[in-house]
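Numbering (mature numbering (1 follows the signal peptide of the UniProt record, and there is no 0)), first residue to last: -43 to -1, 1 to 299. Heads up, the beta-carbon is just placed ideally off N, CA and C, and yes, glycines get one too. Data block below; observations after.
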């Protein structure tokens, strides 16, 4: 006891000092490991291995062509391989659904037409909610759809197509990229707006749908512009109209639907890169920055233009707002025309 009656405080011994000195490196190691485990550190090191980009369509379509070009550029920028996994079927919902259920670590992404996120989900049980189950990274590119026929077809204009369908109801068929896809709904809207009886034939992607037109398997096709472009250049198909608000830079002689005599008919096509919901925001932002850098690359821009699209990067927040707006817009259109999948 001290003179004041309080217990004496023991002086630290050499053993105490040794214990503290030994514990210091361990504490520092723990702190360092916690720092490395933080989301910011994950993003700084990301990617540390190969990254899978699911394309929910068959090879050869616009989405596939642009996805492969983007994957190559991201591989060059990051030093890690970004590779494409085609999972076609059901209007894109098979591939998108697989990514929605994937581990949200940034190593499984999906590059898809917005149709699989904003159209198909209103027509069928897709198995995912695009507004809740996916984390938007960036818009990639935009374009219009195209309506085409085989080059030697007697149908030479939209008016010819409409007149032929009205002359013999049920006799005209056309290719689209899957039941419930944006091209599918475009056909339904065209039929209803013009009072036509035509039959859609579904293919697993824009490439097969475009090839069907060139082969004469169908009378016409409603597809993305990308897979049609090489067929147009080789004089195997004739494009009757583009559905966008303005003429395509790659096809300046092709009229818009408005110019072709179908007023009020406008559909723009777009594609985006997304991750599973729950992917760390730091990784989403890093991917967004890498995509923005890639889409400034002259060779990638040229490749996208060759596929009849225009590069259009945006922020994750802008992409989320756009997705919600398009989801609501197409949902209203589906309800208005009463489209139902059989």
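Spatial distance of residue 79 from residue 293 (CA atoms): 12 Å
CA nearest to the CA of residue 39, picked from -4, 24, 250: The option with the nearest alpha carbon to residue 39 is 24.
What does DSSP give as the partner residues of residue 195 in its beta bridges? 106
Around the Cβ of residue 105, are there at least 16 other Cβ atoms within 10 angstroms (buried) or fewer (exposed)? buried
Would you decide whether residue 44 is buried or exposed? Buried here means 16 or more other CB atoms lie within 10 Å of its CB. buried
Return the residue from the list 214, 244, 266 that minimises the CA-CA distance to residue 3. 244
For residue 98, which of 86, 69, 115 has the nearest alpha-carbon? 69
Selected residue, minimal CA-CA separation from residue 84, among 62, 101, 76, 58: 58
Would the beta-carbon of residue 133 fall within 8 Å of that of residue 166? yes
Coarse secondary structure for residue 134, derived from DSSP in three states: coil
Are at least three pairs of beta-carbons, each pair with one atom in the region 241 to 259 and one in the region 206 to 219, less than 8 Å apart? no
Between 143, 271, 247, 129, which has its C-alpha nearest residue 36's C-alpha? 247
According to DSSP, is residue 386 helix, strand or coil? Absent from the model: residue 386. The displayed extent of the chain is -43 to 299, so no value can be given.
Please report the straight-line C-alpha distance between residue 116 and residue 198, rounded to a whole angstrom. 11 Å
Proximity of residue 53 and residue 74 at Cβ, strictly below 8 Å: Going by C-beta atoms, residue 53 is nearer than 8 Å to residue 74.
When DSSP builds the beta bridges, which residues end up paired with residue 93? 231
If we ignore side chains and look at the alpha-carbon of each, how far apart do residue 250 and residue 229 end up? 15 Å
Residue 177: which of 61, 114, 146 sits nearest, CA to CA? Distances from the alpha-carbon of residue 177 to those of 61, 114, 146 put 114 closest.
Please work out which residues of its chain come closer than 8 Å, Cβ to Cβ, to residue 50, disregarding the five sequence neighbours upstream and downstream, and give them in chain order. 13, 73, 77, 78, 81, 83, 84, 85, 137
Mind checking who residue 158 pairs with in its DSSP beta bridge? 132
Can you look up residue 67 in the DSSP assignment and give me helix, strand or coil? strand
Can you check which of these residues, 279, 238, 270, is closest to residue 1 by C-alpha distance? 238
Suppose you measure from the CA of residue -8 to the CA of residue 27; what does that come to, to the nearest Å? Note on residue -8: pLDDT 49, under 50, position unreliable in the model; the coordinate value appears next. For residue -8 and residue 27, the distance between alpha carbons rounds to 29 Å.
Quick check on residue 56: does DSSP put it in helix, strand or coil? Residue state, collapsed to three classes: helix.
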